[in-house]
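The block underneath contains the structure these notes are about, expressed in structure tokens.
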Amino acid sequence: MMAYSLYTNATRSIIWGDGTEGSQKISDSLTLVLLGNVSRSYPVYGSIPAGQMLTPGSYSDTPTVTLTYY
1 MMAYSLYTNA TRSIIWGDGT EGSQKISDSL TLVLLGNVSR SYPVYGSIPA
51 GQMLTPGSYS DTPTVTLTYY
């Protein structure tokens with residue numbers, strides 16, 4: 001398993017997470033327009049620590065994202 005972290009900013013100083021252990025949630029609000037389309041994009045940046053003893057090859061993962069609507 002490869003260790004990695006996801007961040008909300010390009011300088012990789014704010015860990016993207018659930019708001020615990022120093023991580024930060026991505027939070028936003030918008031007003032929905034009837035019969036209109038609304039889209040939002042949130043850039044996510046990654047970092048893989050050096051020094052991991054990994055076998056060369058392809059690695060994949062599927063992060064879980066929870067959207068809450070009120």
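With UniProt numbering applied, the sequence shown corresponds to residues 1 to 70, in that order. Every residue, glycine too, gets a C-beta built ideally from N, C-alpha and C. These numbers come from a predicted model, not from an experiment.
Three-way DSSP call (helix, strand, coil) for residue i in this model
i: L34; result: coil
i: Y7; result: strand
i: Y42; result: coil
i: S29; result: coil
i: S47; result: strand
Bridge partner(s) assigned by DSSP for residue i
i: Y70; result: None, per the DSSP bridge assignment.
i: Q24; result: W16
Per-residue burial, residue i [other beta carbons within 10 Å of its own, 16 or more giving buried]
i: Y42; result: exposed
i: Y7; result: buried
Check whether residue i and residue j have beta carbons under 8 Å apart
i: G57; j: Y4; result: no
i: I15; j: S27; result: no
i: M2; j: L54; result: yes
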